[in-house]
Structures are given as structure tokens and as C-alpha cells.
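**Student:**
Protein chains: 2
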Amino acid sequence: MNQNNENFNESINPDFKAKKSLMRSVDEYVEGIVSGNRTILSQAITLIESSREDHKELSREILENCLDRTGNSVRIGITGVPGVGKSTFIDALGIDRIVKGDKIAVLTIDPSSSLSKGSILGDKTRMEALSVHPDAFIRPSPASGTLGGVARKTREALLLCEAAGFNIILIETVGVGQSETAVHSMVDFFLVLMLTGAGDELQGIKRGIMEMADMIAINKADGANLDSAKRAVQQIQNALALFSDRPSGWKPPVVMCSAMEGSGIIELWEKIENYVHQSRKSGYFVQKRKVQSIDWMVETIEQQLKEMFYKHPDVKRHLMDFENKVNEGTISSFKAASELIKLFESKKS
Amino acid sequence: MNQNNENFNESINPDFKAKKSLMRSVDEYVEGIVSGNRTILSQAITLIESSREDHKELSREILENCLDRTGNSVRIGITGVPGVGKSTFIDALGIDRIVKGDKIAVLTIDPSSSLSKGSILGDKTRMEALSVHPDAFIRPSPASGTLGGVARKTREALLLCEAAGFNIILIETVGVGQSETAVHSMVDFFLVLMLTGAGDELQGIKRGIMEMADMIAINKADGANLDSAKRAVQQIQNALALFSDRPSGWKPPVVMCSAMEGSGIIELWEKIENYVHQSRKSGYFVQKRKVQSIDWMVETIEQQLKEMFYKHPDVKRHLMDFENKVNEGTISSFKAASELIKLFESKKS
Numbered sequence: 466m467n468q469n470n471e472n473f474n475e476s477i478n479p480d481f482k483a484k485k486s487l488m489r490s491v492d493e494y495v496e497g498i499v500s501g502n503r504t505i506l507s508q509a510i511t512l513i514e515s516s517r518e519d520h521k522e523l524s525r526e527i528l529e530n531c532l533d534r535t536g537n538s539v540r541i542g543i544t545g546v547p548g549v550g551k552s553t554f555i556d557a558l559g560i561d562r563i564v565k566g567d568k569i570a571v572l573t574i575d576p577s578s579s580l581s582k583g584s585i586l587g588d589k590t591r592m593e594a595l596s597v598h599p600d601a602f603i604r605p606s607p608a609s610g611t612l613g614g615v616a617r618k619t620r621e622a623l624l625l626c627e628a629a630g631f632n633i634i635l636i637e638t639v640g641v642g643q644s645e646t647a648v649h650s651m652v653d654f655f656l657v658l659m660l661t662g663a664g665d666e667l668q669g670i671k672r673g674i675m676e677m678a679d680m681i682a683i684n685k686a687d688g689a690n691l692d693s694a695k696r697a698v699q700q701i702q703n704a705l706a707l708f709s710d711r712p713s714g715w716k717p718p719v720v721m722c723s724a725m726e727g728s729g730i731i732e733l734w735e736k737i738e739n740y741v742h743q744s745r746k747s748g749y750f751v752q753k754r755k756v757q758s759i760d761w762m763v764e765t766i767e768q769q770l771k772e773m774f775y776k777h778p779d780v781k782r783h784l785m786d787f788e789n790k791v792n793e794g795t796i797s798s799f800k801a802a803s804e805l806i807k808l809f810e811s812k813k814s
Numbered sequence: 466m467n468q469n470n471e472n473f474n475e476s477i478n479p480d481f482k483a484k485k486s487l488m489r490s491v492d493e494y495v496e497g498i499v500s501g502n503r504t505i506l507s508q509a510i511t512l513i514e515s516s517r518e519d520h521k522e523l524s525r526e527i528l529e530n531c532l533d534r535t536g537n538s539v540r541i542g543i544t545g546v547p548g549v550g551k552s553t554f555i556d557a558l559g560i561d562r563i564v565k566g567d568k569i570a571v572l573t574i575d576p577s578s579s580l581s582k583g584s585i586l587g588d589k590t591r592m593e594a595l596s597v598h599p600d601a602f603i604r605p606s607p608a609s610g611t612l613g614g615v616a617r618k619t620r621e622a623l624l625l626c627e628a629a630g631f632n633i634i635l636i637e638t639v640g641v642g643q644s645e646t647a648v649h650s651m652v653d654f655f656l657v658l659m660l661t662g663a664g665d666e667l668q669g670i671k672r673g674i675m676e677m678a679d680m681i682a683i684n685k686a687d688g689a690n691l692d693s694a695k696r697a698v699q700q701i702q703n704a705l706a707l708f709s710d711r712p713s714g715w716k717p718p719v720v721m722c723s724a725m726e727g728s729g730i731i732e733l734w735e736k737i738e739n740y741v742h743q744s745r746k747s748g749y750f751v752q753k754r755k756v757q758s759i760d761w762m763v764e765t766i767e768q769q770l771k772e773m774f775y776k777h778p779d780v781k782r783h784l785m786d787f788e789n790k791v792n793e794g795t796i797s798s799f800k801a802a803s804e805l806i807k808l809f810e811s812k813k814s
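In order, the protein sequences belong to chains A and B. If you're matching positions, the first sequence starts at 466 in our numbering and goes up one per residue. If you're matching positions, the second sequence starts at 466 in our numbering and goes up one per residue.
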């Protein structure tokens, strides 16, 4: 059994498995991560995903102690509808980069994964080459929680992967709900994979995706698909022209590739490197990361405030009651909110 | 000077003007509002818009006491780009309905209005017929605050207008930023006005608007515009067909009108009445309002939590410091958030 499969098994039941790993000290974790030990990295991520308070505390300490080793990667978000070939694409791109000397970590954000654990195993198996390569680390989505929680865990895992020396982090999203927005908020570059179709290439695009994309790649541009892929490129370029300029000055390219044939992948990566070079030179790269960090701080604060509120015993006891009154129209939404806030304020949990 | 102009002057400086109206008791306000006294209604809305704590308290009491008179209106949101003719349209529709015996209140949400007070006066003047009619009440956007704050005040004003007997509430948004989403969250029916253009009718649509629209009306469908308006209707119908079905089962119609000529307005209103009839019958109308009320409660709670947090003296004192550390990368976003939360928790403001 290879290391990655072991990682995967641990993620199935983080609370149970993490007990074992609790035996380690913070220093042992940090040293293990920094030395690139994937088993320890994986156990630390399991701690991040645990809902136990002592695990949370421990994982925070690990993270703080790894912090000065983070930041040295290119963070790339990848999205696309199911069937677009994300796993095959990531497999092809990842192996290409590993051959050039890079180390690749692949994380996934899938808020629906708690409902469909099966597909994670499927995804993992499909990254055939990467999943057995010593310079790759694949970690499926945290298997439970709200999008906000899943995203926070993934971002913390990303930092640990950087500390472990992975210099390219791919964050895959399944394109469900708002998961793209979460991924977009933690990456340097956002890649949208698309399929060519029968003349209506733009229908499959979710609202808001075009504005987020730093590049659009038509995958499966091979064989009989090649002509319609070329038309799709043209259509999407026309559509992109309608959007206003990016603050970075970057014009998102539209490219074709075939992960199956391995064509277009090298050219696509060159464009990503161009972007990184260009945006580092202009200062936009660093600026964007700073804004993302502050955004994450603010978001974490707001999440914790809400948690504190809804966990407060008096709020818990009366919330349903106030909701019923609002529904019956005997109290306004504003009054109900004020009363609940008063309960929260009067006696600190 | 007519009553509406007086209302308008008061809204310029709510804090100052509200002092006078503070002389009234809660009962006097409530009786005045319920009897349809527009001057008192206007003063009560001014209290809602005031930032003084005693005014807030008073306005909440007024609202609670009016609550059993609310809910008896059709709430309609209207949006469209500047120049689409919203004011002329509202004027034409409003007078049409008043002739049939309805009472119309027009509220505006414009988070940018604090920057451009001039345009409010302009808008108001353009509703020539409505602004001088005794069965109409026009209130410009609260002149300051975040979108969340402006939206809350507008929703409270909406409830007071209902208590005052207005049975059609039109809420206009200028289509800036996220104001449509705010309006959509407080209305029964969302109407999008559009202009016909030179072959590219769909370009002007902001993302997400199509999903919110319960009807799309091509305004200025008159004279030389008529042919291109017909093409626009067809184009938009095709585009709408790409979206999934509404939970209400309603299929948003696309219509033409000319507010200037007065054509199409009656037909448009009939479709709105159809919607109201249909959705009341199915129970969707009531269900949607309940969901909106709970959403407003939750949103108000979250706003107040944030306010409490950012007003906390220790948080205020250290926030900038933590932001700097996050920017320098000497502390993680999560750690900074936790530390700030600890400050907030340890000593209650």
C-alpha cells in the first residue's frame, strides 16, 4: 500500500484516526512537515479537519510554527463541470511539472463530498500517475462541514503543503455551489476547464466564472472535437471581450488542450508562468495575496462570531421560538434579532 | 409646498430634523401612521434613518406596534440601468393604479446616494404626476450607510408604508453594486426594465439579474425602436429558456412597453396580478415572505454581531496591528482572527 492510499484512509474518519497522531508533539509535527514527510503532513491535515477542540488547538500551533516556511508556491485553482476531465488534466500537468523538478500537491474542495464519499476514491484513482509518485501529494476534500469550514481547512492544508516543500499547489473544485468563489479566494491563478459542445459552448458556464477565470482551457480538444474546439475558443474570446479589464492588466487567454493526448499542456503551463512572472514584476502577485490574507482573517472572525452566537445556550434555547414568532408575524425580524442579541450579550457563554 | 417636498427636505438631515418629531409619543406615531398621515409616516421613517440610539429605540417600538397592520401589499422591486426610464415608468404605472383605487408608495435603495444627493431630487422631480398625488408617497433612498444598513432601513420603511395603508409598494434600485440582491430579498415580484439596443441587447444585463427577474420589460418600445424591441424580446426569451425552472413554477414573461406613450403598462400589470394570484393560490407567496423574514432576522443578527465586534475597544485598539502582522506574514490569518476574538470575548464592551 502506498503512502497516498494511507493518507486517504485516514481522512475517512479524522476524529478516530487523529487520536494516534496526537501522540506527537508540536515540534515533531513541524519537523516532520518541514522535512517533507508526507505521512506526518497527512496526519497534521487530519488534525486540521478534526472537530475536537484539543485537535484544533494543536493544529493551530503547528500552523503558526510552519508559517515562515509558507508562501513559496504557485497556487492554482482548477474548476470545470463533472466530465470535463479535471483528474486526467491534473495527472498530465502534474507529471509534466514533476519531470521538470517541481513538487505537486493536489487539494480538493467539495462541500458535497460528505454526501458522496465514493466519488473521492474515484477521483483519486483516476490520477493514476500522480497518486503513486513520491513528489506528489494528493488530499481529497474534507469530508464534512459547510463550504466556509471546508474552505478554511483547505487553506490551512495548503499552507502546510507549502511548508512541506510543495511548490505547486493545485486546488480542484467540483464546481458545485459557491465552491469556485472559495477556491478563487485562496489561489494566485484560476483555471477554468471547459468542453466543446454542439454549437452552444457558452451555455455550460456558470455565472460569475468568466470574471474569475485567469485562463480558459478547452479540454478534450482532440480527434473529431478539434474543429468545434477551435470555434469554442473563438466564441469564448468574443465573450471575454465584453468584460472590463482586470486590475492586474492580465488578459485571460483561451487555449485548447487534450489531457488524454497530452497536447497543449506545456503551452498552457508557459502561459501560467508568464502570468506569475508578469504579476510578480508588477507587484500584483504579492498584493493579491495580502488582500486574500486579510479577507481570510475577516471571514474567520465573522465565522467565529456566528459560531459563538449560535452556540450560546440562551440563544440555542430561544432561537426556534423567535423564528416561529417571526413566521407568524407577531414580531418583526429586527425585534427578534435584537432580542436574541440581548440574550447573547447579557450572559456570556 | 406639497407634503412630499417636505418629506424630502427632512430626509436631507435626519438627525437634525428628527429632534422635532421626537416630541411625539409612540402612540401618536402609530395612530398617525395607521390613519394614513403622510407627514407622520415620513417623520417615523426619518427616525428609522437616524443614527441616534434613542431614535433607533423609538423607531423600533413604532415598528413593533405597527406590525399587525403590515403585510397587506404587493411588494415590487424595479431595477434597470440609468437611462432606462425607471422614474417615468413608475410614474405611469403608479398613476394607472391610483386611478383604479390603489395607494402607491415608492421607496428607493441607492447605496451610492450619499455621494450624489443631486440625483435624488432629480428622480423625484421626474415622477411628476405621482409626486403631487395624495394617494402616492415617495421616499428617496436613505442618504448614508452601507448597503446592508440602507436595505434594513428601506425594509423597515416598507413595513410602515404598509401600516399606513399603501397596498402597492414599489422599491426602485439604481442598479449599482449589489443593490438588486437587497431589493430582491424584500419583494414579492422583481421587475427588470431594459432598453433595446443595436443588436447586442443582452450585453447590458448584469450577472445574476436574469435569475432574479420575475418579468423583463423592454421600455421605450415606441416609434423607431419598435422593431428592435421585438427582436430584443425574442433574444431575451431565448436566453431565459436556458435557465432552470423557478421554484414557484412561474415562467418570467418578456414584454414591451413605453412609459412615455403609456403603452403596455396595463398588460404588464395584469401579468403581475396573474403572478400574485397564482403564487398566493399555490402558497408560494406566503412561503417566500416567511423565508425572507427569517433571512432578515439572520442578516440583522450577523450585522449586529459584526458591529459589536468592531466597536469593541480592545478590538479597535489592536485590529490594525494584527492586519499589519498578517500582511507581513508573521502571523496567520487564522491566528490573528483567534487573537482578536479572544480580545472580544475576554472583556465585554
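Cβ atoms here follow ideal geometry from the backbone N, Cα and C, with glycine treated the same way.
Give the straight-line distance between the Cα atoms of S490 of chain B and V791 of chain A, rounded to the nearest whole angstrom.
**Tutor:** Locating residue 490 of chain B in the second sequence gives position 25, counting from the first residue. Locating residue 791 of chain A in the first sequence gives position 326, counting from the first residue. Taking the straight line joining both Cα atoms gives about 26 Å.
**Student:** Going along the chain, which unbroken runs of the beta strand (DSSP E) with 3 or more residues stay wholly within the region 715 to 802 of chain A?
**Tutor:** The qualifying runs are 719 to 721.
**Student:** Cα-Cα, which of B:R696, B:T661, B:K695, B:L705 is closest to M680 of chain B?
**Tutor:** Stepping through the second sequence from its first residue, residue 680 of chain B is reached at position 215. Closest by alpha carbon: B:L705.
**Student:** Among A:P712, A:L707, A:C722, A:D710, whose alpha-carbon lies nearest the alpha-carbon of D687 of chain A?
**Tutor:** In the first sequence, counting from the first residue as 1, residue 687 of chain A sits at position 222. The option with the nearest alpha carbon to D687 of chain A is A:C722.
**Student:** Would you kindly work out how many angstroms separate the C-alpha atoms of T646 of chain B and T619 of chain B, rounded to a whole number?
**Tutor:** As a first step, residue 646 of chain B must be located in the second sequence, where it is residue number 181. As a first step, residue 619 of chain B must be located in the second sequence, where it is residue number 154. Computed Cα separation, rounded: 13 Å.
**Student:** Considering just the uninterrupted stretch of the beta strand (DSSP E) at M659 of chain A, what are its terminal residues?
**Tutor:** For the purposes of this step, residue 659 of chain A is taken as the residue at position 194 of the first sequence. Run containing M659 of chain A: 654 to 660, per the beta strand (DSSP E) assignment.
**Student:** Find the nearest neighbour of R754 of chain B within the set B:M677, B:S650, B:H598, B:A678, judged by alpha-carbon distance.
**Tutor:** Mapped onto the second sequence, residue 754 of chain B falls at position 289. Out of B:M677, B:S650, B:H598, B:A678, B:S650 has the C-alpha closest to the C-alpha of R754 of chain B.
**Student:** How about the region 528 to 540 of chain B and the region 789 to 805 of chain A: do they share at least three Cβ pairs that are nearer than 8 Å?
**Tutor:** Verdict: yes, contact present.
**Student:** Grab me the residues of E561 of chain B's own chain with a C-beta within less than 6 Å of its C-beta, minus the 5 sequence neighbours each way, in chain order.
**Tutor:** By one-based count along the second sequence, residue 561 of chain B stands at place 96. The sequence as given places Asp at residue 561 of chain B; Glu does not occur at that position. Taken in chain order, the residues that qualify are I730.
**Student:** Can you give the Cα-Cα distance for V539 of chain A and L707 of chain A, rounded to whole angstroms?
**Tutor:** Here residue 539 of chain A corresponds to residue number 74 of the first sequence, with the count starting at 1. Here residue 707 of chain A corresponds to residue number 242 of the first sequence, with the count starting at 1. Approximately 29 Å, taken between the alpha carbons.
**Student:** Indicate whether T638 of chain A and G542 of chain A have their beta-carbon atoms separated by less than 8 Å.
**Tutor:** Numbered from its first residue, the first sequence carries residue 638 of chain A at position 173. Numbered from its first residue, the first sequence carries residue 542 of chain A at position 77. Cβ distance < 8 Å, so T638 of chain A and G542 of chain A count as in contact.
**Student:** In chain B, which residues lie with their C-beta within 8 Å of the C-beta of I766 of chain A?
**Tutor:** Here the question's residue 766 of chain A lines up with position 301 in the first sequence. The answer, in chain order, is F774, A802, L805, I806.
**Student:** Where does V698 of chain A fall in DSSP's three states?
**Tutor:** The count along the first sequence starts at 1 and reaches residue 698 of chain A at position 233. Residue state, collapsed to three classes: helix.
**Student:** How big is the Cα-Cα spacing for H783 of chain A and L805 of chain A?
**Tutor:** Mapped onto the first sequence, residue 783 of chain A falls at position 318. Mapped onto the first sequence, residue 805 of chain A falls at position 340. Cα to Cα, H783 of chain A sits roughly 8 Å from L805 of chain A.
**Student:** Apart from the five residues just before and just after V756 of chain B, which ones in its own chain have a Cβ nearer than 7 Å to its Cβ?
**Tutor:** Taking the first residue of the second sequence as position 1, residue 756 of chain B is located at position 291. Cβ within range, chain order: n/a, list empty.
**Student:** Which bits of chain B does L532 of chain A rub up against, with CB to CB less than 9 Å?
**Tutor:** Position 67 of the first sequence, counted from the start, is the residue given in the question as residue 532 of chain A. Within chain B, the residues near L532 of chain A are G794, T795, I796, S797, K800.
**Student:** What first and last residue would you give for the beta strand (DSSP E) that runs through N530 of chain A?
**Tutor:** Walking along the first sequence from the start, residue 530 of chain A turns up at place 65. Note, N530 of chain A: premise wrong, no beta strand (DSSP E); alpha helix (DSSP H) at 518 to 531.
**Student:** Would you mind sorting S516 of chain B into buried or exposed? The rule is 16 or more other CB atoms within 10 Å of its CB.
**Tutor:** On the second sequence, residue 516 of chain B is found 51 positions in, with the first residue counted as 1. Looking at its Cβ environment, which holds fewer than 16 other Cβ atoms inside 10 Å, S516 of chain B is exposed.
**Student:** With V657 of chain A and I674 of chain A assumed to form a contact (beta carbons below 8 Å), what rounded beta-carbon distance in angstroms separates them?
**Tutor:** Position 192 of the first sequence, counted from the start, is the residue given in the question as residue 657 of chain A. Position 209 of the first sequence, counted from the start, is the residue given in the question as residue 674 of chain A. So it is a contact: roughly 6 Å between Cβ atoms.
**Student:** So which residues on chain B does E637 of chain A lean against when the C-beta distance must stay under 7 Å?
**Tutor:** Within the first sequence, the letter at position 172 stands for residue 637 of chain A. Per Cβ cutoff of 7 Å: no residues; E637 of chain A is ~22 Å from chain B at best.
**Student:** Tell me whether M680 of chain A sits in a helix, a strand or coil according to DSSP, three-state version.
**Tutor:** Counted from its first residue, the first sequence places residue 680 of chain A at position 215. M680 of chain A: strand per DSSP, three-state reduction.
**Student:** If distances are taken between C-alpha atoms only, which option among A:F774, A:D692, A:E496, A:E788 comes closest to L532 of chain A?
**Tutor:** Residue numbering aside, residue 532 of chain A sits at position 67 when the first sequence is read from its first letter. When each option's Cα is compared against that of L532 of chain A, the closest is A:E496.
**Student:** With 8 Å as the threshold, decide whether the Cβ of K755 of chain A is near any Cβ in chain B.
**Tutor:** Numbered from 1 along the first sequence, position 290 holds the residue referred to as residue 755 of chain A. Cβ-Cβ to chain B under 8 Å: yes for K755 of chain A.
**Student:** By the criterion of Cβ-Cβ separation under 7 Å, what are the contact partners of G536 of chain B in chain A?
**Tutor:** Against the second sequence, residue 536 of chain B aligns to sequence position 71. The answer, in chain order, is G794.
**Student:** Looking only at its own chain, which residues have a Cβ that is under 7 Å from the Cβ of D760 of chain A, when we skip the five neighbours before and after it?
**Tutor:** For the purposes of this step, residue 760 of chain A is taken as the residue at position 295 of the first sequence. Closer than 7 Å at Cβ, skipping near neighbours: S650.
**Student:** Decide if the region 767 to 784 of chain A is in contact with the region 764 to 772 of chain B; the criterion is three or more beta carbon pairs, one per stretch, under 8 Å apart.
**Tutor:** Contact holds: three or more Cβ-Cβ distances are below 8 Å.
**Student:** Do you know offhand how far E726 of chain B's Cα is from D779 of chain A's?
**Tutor:** Taking the second sequence and counting its residues from 1, one reaches residue 726 of chain B at position 261. Taking the first sequence and counting its residues from 1, one reaches residue 779 of chain A at position 314. Going by the C-alpha atoms only, they are around 59 Å apart.
**Student:** Could you tell me which chain B residues have their CB closer than 9 Å to the CB of R540 of chain A, listed as they occur along the chain?
**Tutor:** Working through the first sequence from its first residue, we reach residue 540 of chain A at position 75. Result: empty, since nearest Cβ-Cβ is about 14 Å, beyond 9 Å.
**Student:** With burial defined as no fewer than 16 other Cβ atoms inside 10 Å of the residue's Cβ, what is the status of N789 of chain A: buried or exposed?
**Tutor:** Locating residue 789 of chain A in the first sequence gives position 324, counting from the first residue. So N789 of chain A counts as exposed.
**Student:** Taking Cβ positions only, does K771 of chain B come closer than 8 Å to chain A?
**Tutor:** Counted from its first residue, the second sequence places residue 771 of chain B at position 306. Closer than 8 Å to some Cβ of chain A, the Cβ of K771 of chain B qualifies, so yes.
**Student:** Between E593 of chain A and F602 of chain A, what straight-line distance do the alpha-carbon atoms span, to the nearest angstrom?
**Tutor:** As a position in the first sequence, residue 593 of chain A is number 128, starting the count at 1. As a position in the first sequence, residue 602 of chain A is number 137, starting the count at 1. Cα to Cα, E593 of chain A sits roughly 12 Å from F602 of chain A.
**Student:** Who are the Cβ neighbours of A570 of chain A in its own chain at under 6 Å, not counting the five residues just before and after it?
**Tutor:** Here residue 570 of chain A refers to the residue found at position 105 of the first sequence. F602, C626, F631, I634.
**Student:** Is the beta carbon of V719 of chain B less than 8 Å from the beta carbon of I737 of chain B?
**Tutor:** Indexing the second sequence from 1 puts residue 719 of chain B at position 254. Indexing the second sequence from 1 puts residue 737 of chain B at position 272. It is not a contact, given that the beta carbons lie outside the stated cut-off.
**Student:** Listing by chain order, which chain A residues have their CB less than 9 Å from the CB of R525 of chain B?
**Tutor:** To locate residue 525 of chain B, count along the second sequence from 1; it is residue 60. Correct list: S797, F799, K800, S803.
**Student:** Is L707 of chain A helix, strand or coil when you go by DSSP?
**Tutor:** As a working mapping, residue 707 of chain A is identified with position 242 in the first sequence. Coil, per DSSP.
**Student:** Name the chain A residues whose beta carbon is nearer than 9 Å to that of M659 of chain B?
**Tutor:** Within the second sequence, the letter at position 194 stands for residue 659 of chain B. Residues of chain A passing the Cβ test: none, with the nearest at roughly 16 Å.
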